[in-house]
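There are 2 protein chains.
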Amino acid sequence: MALNKPKIVILGAGYGGLMTVTRLTKYVGPNDADITLVNKHNYHYETTWMHEASAGTLHHDRCRYQIKDVINQSRVNFVQDTVKAIKIDEKKVVLANGELQYDYLVIGLGAVPETFGIKGLKEYAFPIANINTSRLLREHIELQFATYNTEAEKRPDRLTIVVGGAGFTGIEFLGELAARVPELCKEYDVDRSLVRIICVEAAPTVLPGFDPELVDYAVHYLEENGVEFKIGTAVQECTPEGVRVGKKDEEPEQIKSQTVVWAAGVRGHPIVEEAGFENMRGRVKVNPDLRAPGHDNVFILGDSSLFMNEDTERPYPPTAQIAMQQGITVAKNLGRLIKGGELEEFKPDIKGTVASLGEHNAVGVVYGRKLKGTPASFMKKVIDNRSLFMIGGLGLTLKKGKFKFF
Amino acid sequence: MALNKPKIVILGAGYGGLMTVTRLTKYVGPNDADITLVNKHNYHYETTWMHEASAGTLHHDRCRYQIKDVINQSRVNFVQDTVKAIKIDEKKVVLANGELQYDYLVIGLGAVPETFGIKGLKEYAFPIANINTSRLLREHIELQFATYNTEAEKRPDRLTIVVGGAGFTGIEFLGELAARVPELCKEYDVDRSLVRIICVEAAPTVLPGFDPELVDYAVHYLEENGVEFKIGTAVQECTPEGVRVGKKDEEPEQIKSQTVVWAAGVRGHPIVEEAGFENMRGRVKVNPDLRAPGHDNVFILGDSSLFMNEDTERPYPPTAQIAMQQGITVAKNLGRLIKGGELEEFKPDIKGTVASLGEHNAVGVVYGRKLKGTPASFMKKVIDNRSLFMIGGLGLTLKKGKFKFF
Ligand SMILES: Cc1cc2nc3c(=O)[nH]c(=O)nc-3n(C[C@H](O)[C@H](O)[C@H](O)COP(=O)(O)OP(=O)(O)OC[C@H]3O[C@@H](n4cnc5c(N)ncnc54)[C@H](O)[C@@H]3O)c2cc1C
Ligand SMILES: Cc1cc2nc3c(=O)[nH]c(=O)nc-3n(C[C@H](O)[C@H](O)[C@H](O)COP(=O)(O)OP(=O)(O)OC[C@H]3O[C@@H](n4cnc5c(N)ncnc54)[C@H](O)[C@@H]3O)c2cc1C
Numbered sequence: 003m004a005l006n007k008p009k010i011v012i013l014g015a016g017y018g019g020l021m022t023v024t025r026l027t028k029y030v031g032p033n034d035a036d037i038t039l040v041n042k043h044n045y046h047y048e049t050t051w052m053h054e055a056s057a058g059t060l061h062h063d064r065c066r067y068q069i070k071d072v073i074n075q076s077r078v079n080f081v082q083d084t085v086k087a088i089k090i091d092e093k094k095v096v097l098a099n100g101e102l103q104y105d106y107l108v109i110g111l112g113a114v115p116e117t118f119g120i121k122g123l124k125e126y127a128f129p130i131a132n133i134n135t136s137r138l139l140r141e142h143i144e145l146q147f148a149t150y151n152t153e154a155e156k157r158p159d160r161l162t163i164v165v166g167g168a169g170f171t172g173i174e175f176l177g178e179l180a181a182r183v184p185e186l187c188k189e190y191d192v193d194r195s196l197v198r199i200i201c202v203e204a205a206p207t208v209l210p211g212f213d214p215e216l217v218d219y220a221v222h223y224l225e226e227n228g229v230e231f232k233i234g235t236a237v238q239e240c241t242p243e244g245v246r247v248g249k250k251d252e253e254p255e256q257i258k259s260q261t262v263v264w265a266a267g268v269r270g271h272p273i274v275e276e277a278g279f280e281n282m283r284g285r286v287k288v289n290p291d292l293r294a295p296g297h298d299n300v301f302i303l304g305d306s307s308l309f310m311n312e313d314t315e316r317p318y319p320p321t322a323q324i325a326m327q328q329g330i331t332v333a334k335n336l337g338r339l340i341k342g343g344e345l346e347e348f349k350p351d352i353k354g355t356v357a358s359l360g361e362h363n364a365v366g367v368v369y370g371r372k373l374k375g376t377p378a379s380f381m382k383k384v385i386d387n388r389s390l391f392m393i394g395g396l397g398l399t400l401k402k403g404k405f406k407f408f
Numbered sequence: 003m004a005l006n007k008p009k010i011v012i013l014g015a016g017y018g019g020l021m022t023v024t025r026l027t028k029y030v031g032p033n034d035a036d037i038t039l040v041n042k043h044n045y046h047y048e049t050t051w052m053h054e055a056s057a058g059t060l061h062h063d064r065c066r067y068q069i070k071d072v073i074n075q076s077r078v079n080f081v082q083d084t085v086k087a088i089k090i091d092e093k094k095v096v097l098a099n100g101e102l103q104y105d106y107l108v109i110g111l112g113a114v115p116e117t118f119g120i121k122g123l124k125e126y127a128f129p130i131a132n133i134n135t136s137r138l139l140r141e142h143i144e145l146q147f148a149t150y151n152t153e154a155e156k157r158p159d160r161l162t163i164v165v166g167g168a169g170f171t172g173i174e175f176l177g178e179l180a181a182r183v184p185e186l187c188k189e190y191d192v193d194r195s196l197v198r199i200i201c202v203e204a205a206p207t208v209l210p211g212f213d214p215e216l217v218d219y220a221v222h223y224l225e226e227n228g229v230e231f232k233i234g235t236a237v238q239e240c241t242p243e244g245v246r247v248g249k250k251d252e253e254p255e256q257i258k259s260q261t262v263v264w265a266a267g268v269r270g271h272p273i274v275e276e277a278g279f280e281n282m283r284g285r286v287k288v289n290p291d292l293r294a295p296g297h298d299n300v301f302i303l304g305d306s307s308l309f310m311n312e313d314t315e316r317p318y319p320p321t322a323q324i325a326m327q328q329g330i331t332v333a334k335n336l337g338r339l340i341k342g343g344e345l346e347e348f349k350p351d352i353k354g355t356v357a358s359l360g361e362h363n364a365v366g367v368v369y370g371r372k373l374k375g376t377p378a379s380f381m382k383k384v385i386d387n388r389s390l391f392m393i394g395g396l397g398l399t400l401k402k403g404k405f406k407f408f
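These protein sequences, in sequence, are chains A and B. For the first sequence, the positions run 3 to 408 when our numbering is used. For the second sequence, the positions run 3 to 408 when our numbering is used.
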């Protein structure tokens, strides 16, 4: 047994990090390297399902699983701790409760909400980010409904939910809300007509980048289910009372709301920025082999990274799909770095994108085919199950998968 | 058919009011009188189960049923409205959306929390009173737990629950909390040891009036399940930060808590007071036939009334048990008033009192026998089912009853 085995440290047990770890043991033998995975919690959560946990349509426990259940515990050290800093020069990771030395580092810390400096959003708006924020938002909405009937003077702002952003996350969350609000009305004896769901989007269209036919379908479905859209309208400020929004060159409007949700953007994890990597909004533009430029022993993947599409000369949008595929490449390349061989270039294989509209509806493109309604919703669940399958195999898929197809 | 049938109006569909209405049709024929029942909601709720709904151990929908399902709709007019005032001189009831003229009036509006003028309790403490307050308290507690892990600086006051009052309601609520807190800890990833449940009671003992052996049993059980008791200690003030409490002649103590529950007393409904009846804390000391002194056409029952125990020369404590028994007497006496006959005197038949300590434990006295543990818990459920049976018969009991005996 080698005494000085190289140390591989993987930060984050998200889609990218966990995929790396589960594949790594194929390419790196027990005598080749020590493997350590660091994650804040002892569980992995499905970031792509957080709109459901946030609305309360899917319990958060259905959206997470124990990390120890999917890693090879005899090969991988799991450290439950919070990464505080990465010291590149000292090859060291500072944790809340200790430090780790590495020879090879994989960064998969994911994203954090981006508020673009809009006043008050950080303080008063709810992000859709992880298990903690999802439980908070779900409970906050429930408390607003629960409070409504206990007050002598009725407050419509308790029943007004503003969603900032009509991109992927915003639309998926609105889809869940449209299903959840009638349930909340029943649970708390509130008339549905008193509840307002307002989506505010600065861009001139909903779901930018999506096929216009699918966009129309989604907007129509959501409007039919009580969502009001304010398109081409920017959130200018968030306060404890609500939001100020406005169209260009028009008088701003105040919307009173106790529940402002910010779903209009994410950026890379600040720790990556603070570590000194060159970055754009916290994302490091990685080399084709997924290493950070100038750092031959550091791989960065998923939402912490930025990968260019050679054809369009624009970066790929950060998705779980890409993060997982990158995990496979990182695992392979770590094997080659340690045991020799040429590093592989990452080649994304975009199978499609489907945005859910509640449990039974969706829009998207899969293998180049436009889908909407039941077929799209079916595919969405197949995709959701696929992440489980790729990381945890059939057992995990059966345990946590979505099988209520129709 | 008589053109000028007398009008009977019953206010409140609680234990007393609903019992009156369901029995009244036995003593008063369709040609004898018009019967109108007024209640704020279209449902009756089990006030005696509100500690469960408030803690979240029993869903509030399990604690209520539709009024129309238990009244004879061909005989009883049901008006869903809020009573705003009673004008005795004009024989008129003012509702939020109208007025009702009566010849005979039955008042069963129940109780409201009594804060004894303690500063801040009205504003910042949670009562355990009805479906609305229960949902609010349940959701408030959940939100505190949900928030805890989302804050960088951990706030113990989110996990500190103070219950003011170790009487019947306080102890029953503590019993539910003891069961609920471990569930909340699991749901929100909070360590049980971080949660504090503190009971503050000004009187020198827990459950005043109960047998000391049963009191010891209850205190021991609750302490074992993590409840801290501060006995002989008064709540002096409630603020948004928590409570100030103190023993006589000692330095007061500040307890930081986001959840202060006030379970230390109720008083009669203010509408009864405002109507001009002579009263003590909103309760009218009624004649033996349950009429208000000086008002031959007005019956008052349940928590709105005060009925003297001739033996002890003290009033009976207000209970659902008595309210229901009074309903039977009121129905009979209304029949006699209208059709002739001497009015009956109300004779309470106290079968016992059982305080639950969560779902599987309780203490109490039934037919003079002391009970604790499983037998007491069994009897508690029998009593809970009995109210359903008396008002709605077997059908309602099977639908809403508590049958998980062990
Ligand atoms: C509501 C929503 C819906 C989405 N839908 C889709 C979709 O349908 N399809 C799709 O492909 N993509 C979707 N995305 C995008 C997708 O979720 C992300 O691109 C993906 O999660 C990125 O994976 P990752 O491995 O980089 O990070 P993540 O999967 O987010 O994981 C990051 C991990 O790092 C951990 N971590 C963070 N900070 C620290 C720290 N300081 N110390 C220790 N551990 C830390 C976290 O706990 C987490 O486990 C969606 C996103 C959202 C929010
Ligand atoms: C947590 C708890 C546990 C208890 N446990 C027990 C127990 O184990 N055994 C026991 O015997 N007693 C118990 N009690 C006491 C018991 O609940 C009361 O004594 C009983 O509810 C009194 O019945 P009531 O008919 O007077 O009023 P309630 O049953 O309280 O009904 C009053 C009704 O009036 C309606 N109302 C109020 N205001 C208006 C308005 N302005 N307009 C129209 N309608 C209105 C309400 O909606 C309600 O339907 C408990 C009380 C609590 C809070």
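We put the CB at the ideal spot given by N, CA and C, even for glycine.
Bridge partners - residue i, DSSP secondary structure assignment
i	result
Met21 (chain B)	Note: Met21 (chain B) sits in no beta bridge, so no partner.
Asn79 (chain A)	A:Thr38
Asn311 (chain A)	A:Arg316
Met282 (chain A)	A:Arg285
Ala277 (chain B)	Bridge partners of Ala277 (chain B): none, in fact.
Thr27 (chain B)	According to DSSP, Thr27 (chain B) bridges with nothing at all.
Arg194 (chain A)	According to DSSP, Arg194 (chain A) bridges with nothing at all.
Ile257 (chain B)	B:Val245
Terminal residues of the alpha helix (DSSP H) in which residue i lies
i	result
Ile143 (chain B)	133-150
Ala15 (chain B)	First-last for Ala15 (chain B): undefined, no H or E at that position.
Cys65 (chain B)	Counting along the chain, Cys65 (chain B) falls outside any alpha helix (DSSP H), and DSSP gives it neither H nor E.
Pro214 (chain B)	214-226
Asp386 (chain A)	376-402
Lys188 (chain A)	170-189
Glu101 (chain A)	Run containing Glu101 (chain A): none in the alpha helix (DSSP H); it sits in the beta strand (DSSP E), 100-103.
Within 8 Å, strictly: CB atoms of residue i and residue j
i	j	result
Val229 (chain B)	Gln238 (chain B)	no
Ile200 (chain A)	Ile257 (chain A)	yes
Phe309 (chain B)	Asn335 (chain B)	no
Leu138 (chain B)	Ile163 (chain B)	no
Phe348 (chain A)	Thr376 (chain A)	no
Val114 (chain B)	Pro272 (chain B)	yes
Leu102 (chain A)	Val30 (chain A)	no
Leu398 (chain B)	Tyr67 (chain B)	yes
heavy atom of ligand 1 below 7 Å from residue i C-beta
i	result
Asp191 (chain B)	no
Ala294 (chain A)	no
Ile130 (chain A)	yes
Pro320 (chain A)	yes
Ser306 (chain A)	yes
His62 (chain A)	no
Span of the beta strand (DSSP E) around residue i
i	result
Lys47 (chain B)	The amino acid at residue 47 (chain B) is misidentified as Lys; the sequence shows Tyr. From DSSP, the beta strand (DSSP E) with Tyr47 (chain B) extends over 45-47.
Gly354 (chain A)	354-358
Val208 (chain B)	Unbroken run through Val208 (chain B): none, as it is neither H nor E.
Leu111 (chain A)	No beta strand (DSSP E) holds Leu111 (chain A); DSSP gives it neither H nor E.
Any non-hydrogen atom of ligand 2 within 7 Å of residue i CB
i	result
Phe170 (chain B)	yes
Met52 (chain B)	yes
Asn41 (chain B)	yes
Ile302 (chain B)	no
Leu111 (chain B)	yes
Please determine if the segment 125-140 of chain B and the segment 319-332 of chain B are in contact, where contact requires at least 3 C-beta pairs separated by less than 8 Å. no
Would you call the segment 14-25 of chain A and the segment 389-397 of chain A in contact, with 3 or more CB pairs under 8 Å? yes
Does the segment 153-167 of chain A come close enough to the segment 285-295 of chain A that 3 or more CB-CB pairs lie under 8 Å? no
Is the segment 100-114 of chain B in contact with the segment 214-228 of chain B, if contact means three or more CB pairs nearer than 8 Å? no
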